[in-house]
Amino acid sequence: MIGTTLLATALRLPHEDWQALTQGRAIATMPWNFISPGQSFALCSDDFLRANNFKARFWARCELCQSIDRLDQLDMLSKLTMWTKQTVESKLAERGFFFLAYLRVYELSEPSEVSTTTKGDFLPLRTPITLVNSLPVISDRTFAQRKHQLENLEPPEHPELEALHSAIAQLTPTNSAAIHLEQDLKCFLGWADSATKDFLNSDKTWIREIARAGNSSDGDYFEKLVRKSFIELGFTNSRNNPKMSLDPDVTGGAGGIDFFCDAPYLIIGECKASKHKKVNDNKEGAPAQLMKYGGTYLSTAEFDNCIRIIMAPGELTEYADRTANGNKMNVLQPETLQRLVELKQAYPGAINLWELKSCLAQAPFSQAADDKVNEFIDRIQLEIKVRSRIVQLLQNRAPQELGLEFIWGIYEAIDPPRSLTQDQLKEILIELSSPLTGFIGRKEGDRFYFLRPLMLET
């Protein structure tokens, strides 16, 4: 949190610098001119300035601006930043020196439009804004540590992990698994603390909008939320075709597929937001559109192997229902999609996408598919309750180490969510004690002890 700050300009940055600064991977840039410490400004990327209505989402305050003029500084400087040694050598060769500005980056509570008609390093904001409070991209402690390290050219502690983070960061816009791993790596490397990570991962208010948007007349907004939902669930789209995209910031438009995924398996879908209307099967209806555009943009083999989904709150007409059943289309309610995404948010590793595929690929189809997906969610939630009960049982007896038979006896005696055999219980205990979960510990002789709680979301 900071005091009142007035922003009137935006600093133009190379896209790589802008991305690294706003993701918390970097704290410095190489401006052409000296930037006075204490100066504040929004941040904009060269790549985005081609748009006439670019809106800045981050701002920064300059904490220090150094002049770099020695060759012996460049090797370590390149190791501590996202720039290669060749890049900083080229920068030094231009004028015999270059500036290194240390920027404290914050997220804007509301995007601010930048005037893209002006040339130069600093561009005017269309409307100056006064900031009362802002949330930093990285914590005060983390920034201070990294600033000290860069000022003193101290070697990085984990160069291999930093390189891995940089590679994963390129995947985050369309891959929710990469987002979680990228945040975990940032915390491990000290580039973010748990509070910052929690804030970044808590920005999920859009999830609560899915059902409302689906039951409204705002079809474009619903389509964008559906695309965002499938990204959140772990699906991706690697095809550079705006007519069959998963980009949550745009829609398929006229003649385009509403959402398309190509990994980990093919999914094609149409959205039909509506307050009261039934889903028809005329040439403009969702089932007909799905068949038409699927056949247009996909090969016959691909379309045959596609999971087909219609997201629609309204009932289908009798003919539309027959079309959906005959072509193996899953017709899902917006509430069901919201429930699925909420489950993913609460328990990131709970949904096995291949088990979801098996559910969607099997009958029943059409509107009956909504029930089978809700049953799929119910089964996952039951398994989470089983695991939470087991962890709670060990927590109640912490720090004791308990044997398999003792744990099984207590579990079965306290009205369990689901009855287990000893072999089933052992498998779950081993799962809960793996390094990837870490809820309980395990010692030789199958003795287990509590480590951390597995909370149930209400």
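The numbering of the sequence shown is my numbering, which starts it at 118 and goes up by one.
Glycine residues also receive a C-beta, built at the ideal position from the N, C-alpha and C atoms.
Keep in mind the model is a prediction, meaning the values are calculated, not measured.
| Asked | Found |
| --- | --- |
| To the nearest angstrom, how far is it from the Cα of residue 639 to the Cα of residue 238? | The structure shown does not extend to residue 639, since the chain spans only 118 to 575, so no value can be given for it. |
| Mapping the DSSP letters down to three states, classify residue 451 as helix, strand or coil. | helix |
| Out of 177, 146, 426, 214, which has the shortest C-alpha to C-alpha gap to residue 197? | 146 |
| Quick one: Cα of residue 375 to Cα of residue 496, how far? | 29 Å |
| Starting from the N-terminal side, write out each stretch of the beta strand (DSSP E) that is 3 residues or longer and does not extend beyond the segment 221-267. | 239-248 |
| On the DSSP bridge assignment, give the partners of residue 183 in chain order. | 217 |
| Please determine, among 149, 159, 175, 171, the residue with the shortest C-alpha to C-alpha distance to residue 184. | 149 |
| Can the beta-carbon of residue 461 be found closer than 8 Å to that of residue 429? | no |
| Indicate the three-state DSSP secondary structure (helix, strand or coil) for residue 598 in the structure shown. | Here the chain has residues from 118 to 575 only, and residue 598 is not among them. |
| Helix or strand or just coil, what does DSSP make of residue 558? | strand |
| According to the neighbour-count rule (16 or more other Cβ atoms, all chains shown, within 10 Å of its Cβ), is residue 410 buried or exposed? | buried |
| Along the chain, where does the alpha helix (DSSP H) containing residue 127 start, and where does it finish? | First-last for residue 127: 122-130, but that is the beta strand (DSSP E), not the alpha helix (DSSP H). |
| Per DSSP, what are the beta-bridge partners of residue 564 in this structure? | 520, 560 |
| Apply the 10 Å Cβ neighbour rule to residue 471 and answer buried if 16 or more other Cβ atoms are within range, or exposed otherwise. | exposed |
| Kindly indicate which three-state DSSP category residue 415 falls into: helix, strand or coil? | coil |
| So residue 220 packs on residue 179, CB below 8 Å; how close in whole Å? | 6 Å |
| To the nearest angstrom, how far is the alpha carbon of residue 338 from that of residue 525? | 49 Å |
| Between which residues of its own chain and residue 340 is the CB-CB distance below 6 Å, once the five residues before and five after are set aside? | 368, 375, 388 |
| Just curious, the alpha helix (DSSP H) that residue 486 is in, first and last residue? | 486-513 |
| Starting from residue 376, follow the beta strand (DSSP E) in both directions and report where the run begins and ends. | 376-378 |
| What are the boundary residues of the beta strand (DSSP E) that residue 352 is part of? | That residue, residue 352, is in no beta strand (DSSP E); it is neither H nor E in DSSP. |
| Buried or exposed, going by whether 16 or more other CB atoms sit within 10 Å of the CB of residue 214? | exposed |
| Which of the three DSSP states is assigned to residue 144 in this structure? | coil |
| Would residue 531 be called buried (16 or more neighbouring beta carbons within 10 Å of its own) or exposed? | exposed |
| Could you pull the start and end residues of the alpha helix (DSSP H) that residue 331 belongs to? | 327-331 |
| How many angstroms separate the CA atom of residue 576 from the CA atom of residue 207? | Residue 576 lies beyond the residue range present for the chain, which begins at 118 and ends at 575; the question has no answer from this structure. |
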